[in-house]
Amino acid sequence: MLSFVKHLSIAQRISGSFISVILIGSILLSLPIMHYANAPATSYFDHLFNTVSMVCVTGLSVFSVGAVYNGLGQFVVMCLMQIGGLGLVSLISISYYSINRRMSLRQQEILQSSIGNNSIADLKHYLFRIYKITFAIECIVALILMTDFIPRFGWQNGIFNSLFLAVSAFCNAGFDNLGNNSLINYKLNWTVNLAVAFSIISGGLGFRNLMAIIDLVKCWIKERPHKFGLIKKNLTIQTRLVLTTTAIILIAGTLSAWILEFNNPKTIGNLGIFHQGLVSFFQTVTMRTAGFATIDYTKAGNSANFIFMIQMLIGGAPGGTAGGLKLIVTAITFLIFKAEFLGERRVSVYNRIIPTQLVKRTFTILVFFFIILLVGYVALLELEPNISPFRLLFEACSALATVGVSMDVTTHLTAGGRIVIMALMFFGRVGPITVLLSLRQRSKKTIDYARTDLTLG
């Protein structure tokens, strides 16, 4: 078995590991011991769908987790989300050491690029720090949630529900065990909203950027406050670009949701101005591929839902728990447009030139992503003629970007529609990484051809 694994490429190991965890998880969750005695009837296919969603940290579900799975089942769900959120790429890299196979510098470079670390240094130390940061943030968020959940649910359920939601939020999984309406019943609860939002943003920033921020804070504490500007310059270009893009998306997304839904009494129209801001902010945060909902998207306007779809596709930072195209791909795409529009010779950011090879990789991932989305959407149109095309597009974007919000479509899908959604979730989580790895591993052509000019329009 080990000899077979050794001959697999890294991309094959990633895909195979996801599939293995999904199969094991779905079998476990289908066992009666994982269910409440009075749980509604479910099939293995239902559990398989939910398991794909858990491991791919999406959040789409064909039934309520809290209504079907008992404490043991919910613990398994939490483990599956944690595995999917931390990324099986890191687990695969550890497996190289466990089977006593040294990684070459090229293999380390490929793996570290996929988990957001550019240094060919101590990979074990880097992974250990990932786990330490993950569990620290999840514990902090869980403690904050306990201040609300323990008085509400009692000690035992309050502690467990807090841990479950904290793990789900940091992993951008979108699952909860609080009922059938996601977090709609908590849309005016500042504690729950801000704690969950903080966890989502932290997971979506990427581990490398989280480490940089933590180091920045440590330096700021040790140094004098007026030296903060000098310390900030030590941030890498990628971290600065991620933080800037994140801030722009959060501000623009909050304002757009607020403006478009301001007069809609079915979403935020009847709320006070501060609560409108809170709900609008949370929608923008959760569209970073988290999947929690505090409004009913079937009652939101088409314009707002279209903006939400754009935010879904953008996603979070590379090397984190979020999905989507990733912030760097989006930022580079905008920078390419800016450079061409302004007639600049090179694509640059923060006085640094972006290599042509990176520009080509960006477009490769972009084209791959939208081809998968188009194929999946067309398949859904053929398989689900009774569901609105707009809602199907919303569902397809949510699945491929591993978000997990839905316009009441998931539970009404046919078997064929569910298979398409499962495929989109899987490609959304594994696909971009696999494309990147294949680009890194391919041989370079040394043949030079004569140039030609083409008319674009």
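So for the sequence shown, UniProt numbering puts the first residue at 1; every next one is plus one. Glycine included, each C-beta is placed from N, C-alpha and C at the ideal position.
- In its chain, beyond the 5 residues on either side, L188 have a beta carbon closer than 7 Å to the beta carbon of H275.
- Taking a cut-off of 8 Å on C-beta distances, the stretch 398-408 touches the stretch 418-427, as three or more cross pairs fall below it.
- For secondary structure counted as the beta strand (DSSP E) over 3 or more consecutive residues, the stretch 349-373 holds no complete run.
- For Y186, the secondary structure class from DSSP, reduced to helix, strand or coil, is helix.
- Judged by DSSP secondary structure, Y36 falls outside any alpha helix (DSSP H); it is assigned neither H nor E.
- Of the residues assessed, N263 falls on the exposed side of the cut-off, its CB having fewer than 16 other CB atoms within 10 angstroms.
- The closest CA to that of D215, considering only T236, I200, G204, is found on T236.
- As computed with DSSP, Y69 is found in a beta bridge with H35.
- Annotated three-state conformation of C79 is helix, per DSSP.
- Membership of Y44 in the alpha helix (DSSP H) is indicated by the continuous run 44-55.
- Rounded to the nearest angstrom, the Cβ distance from S303 to L260 is 5 Å, consistent with a contact under 8 Å.
- Per DSSP, P389 is one residue of the alpha helix (DSSP H) stretching across 389-400.
- Following the DSSP letters along the chain, one finds F308 inside the alpha helix (DSSP H) bounded by residues 302-314.
- In the assembly as shown, P318 is a buried residue. Its beta-carbon has 16 or more other beta-carbons within 10 Å.
- Note on geometry: alpha-carbon atoms of F369 and S388 lie some 23 Å from one another.
- With a cutoff of 8 Å on beta-carbon distance, T254 and T284 are scored as near each other.
- Boundaries of the alpha helix (DSSP H) around D215: 207-222.
- Between L165 and L145, the CB-CB gap stays under 8 Å.
- Between T286 and L278, the alpha-carbon positions lie close to 12 Å from each other.
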